[in-house]
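Here the structure is laid out as structure tokens; the discussion comes afterwards.
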Amino acid sequence: MVKKIELNKRQETILQIVKDNGPITGEHIAEKLNLTRATLRPDLAILTMAGYLDARPRVGYFYTGKSSAQLLTESLKNIFVKDYQSMPVVVNENISVYDAIVTVFLEDVGTLFVVDENLLLVGVLSRKDLLRASIGKQELSSLPVNIIMTRMPNITMCKKDDLLIDVAKKLIEKQIDSIPVVKETTTNGYEVIGRITKTNITKAFVALADEDL
């Protein structure tokens, strides 16, 4: 997999040698640097795992010709929703707006996913929806959330095997904070199995910089 790394001087020198002489064996690279093959092995492994070099048995090392931006793009195409989804906060469609507001603050979330008696997704409730409802003169404890929520089929959803980068684009395009991760049921409804938020997206980008993916 791809790792976004800062190369040290020796690794940069190895890259240049492979660019100029590839395909080239590890032994020949070591000779050019007056080092042993064992000394170079960790650097070659890092450069290969990071995607800068490609290695072929009995042939040697090739420079991939890919920039850091290209490597990052390739890495993003290997990250799926299921890798970073978090637990959803789900409420019944018959609870009151007051109870929904309490749930939002107790759970410290920006979005609630609303389900029916069969636990299938029927709506989404954001902090903005709750704020608009609380500004009016309605009695919040008697106003059900199904009056103010965004209803199906106007809900932006995703599935666990979707690419995370595609979901990030949906968050930006729709200007929303959270998307439910759903699983289609035999009754043509959707079960909520997770959520993707801006925080999840941020964690993925931090991981790209700091960890092997």
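So the sequence shown is numbered by the numbering used here: it starts at 895 and just counts up by one. Beta carbons: idealized from backbone N, C-alpha and C, even for Gly.
Taking the alpha helix (DSSP H) that residue i belongs to, which residues open and close that run?
i      : result
Leu947 : That residue, Leu947, is in no alpha helix (DSSP H); its beta strand (DSSP E) goes Leu947 to Arg950.
Val975 : Val975 to Tyr978
Asn928 : Counting along the chain, Asn928 falls outside any alpha helix (DSSP H), and DSSP gives it neither H nor E.
Thr997 : Val991 to Glu1001
Exposed or buried, which one is residue i when buried takes at least 16 other CB atoms within 10 Å?
i       : result
Asp937  : buried
Leu1013 : exposed
Ala939  : exposed
Provide the residue span of the beta strand (DSSP E) that contains residue i, from first to last.
i       : result
Pro936  : Per DSSP, Pro936 belongs to no beta strand (DSSP E); it is in the alpha helix (DSSP H), Arg931 to Met943.
Phe1078 : Per the sequence shown, the amino acid found at residue 1078 is Glu instead of Phe. Taken as a continuous stretch (DSSP letters only), the beta strand (DSSP E) holding Glu1078 covers Ser1072 to Glu1078.
Asn915  : That residue, Asn915, is in no beta strand (DSSP E); its alpha helix (DSSP H) goes Lys903 to Asn915.
Leaving out the 5 sequence neighbours to the left and right, which residues in its chain are closer than 7 Å to residue i when beta-carbon positions are compared?
i       : result
Gln1069 : none
Would you mind working out which of the options sits nearest residue i, comparing C-alpha positions?
i       : options                               : result
Thr1093 : Lys1077, Val1076, Leu1015 and Leu1058 : Leu1058
Val1003 : Glu921, Pro1074, Ala1101 and Ile1042  : Pro1074
Ile1090 : Val1076, Ile923 and Ser1072           : Ser1072
Glu900  : Ile911, Leu941, Arg931 and Thr919     : Leu941
Thr1079 : Val1100, Lys1053 and Ile1095          : Lys1053
Do residue i and residue j have their CB atoms nearer than 8 Å?
i       : j       : result
Val1009 : Asn986  : yes
Leu1024 : Val983  : no
Tyr1084 : Leu1015 : yes
Ile1087 : Lys1077 : yes
Ser990  : Ser1035 : yes
Lys1064 : Tyr978  : no
Note down, in chain order, each residue of its chain lying with its Cβ closer than 6 Å to the Cβ of residue i, except the 5 sequence neighbours on either side.
i      : result
Asn902 : none
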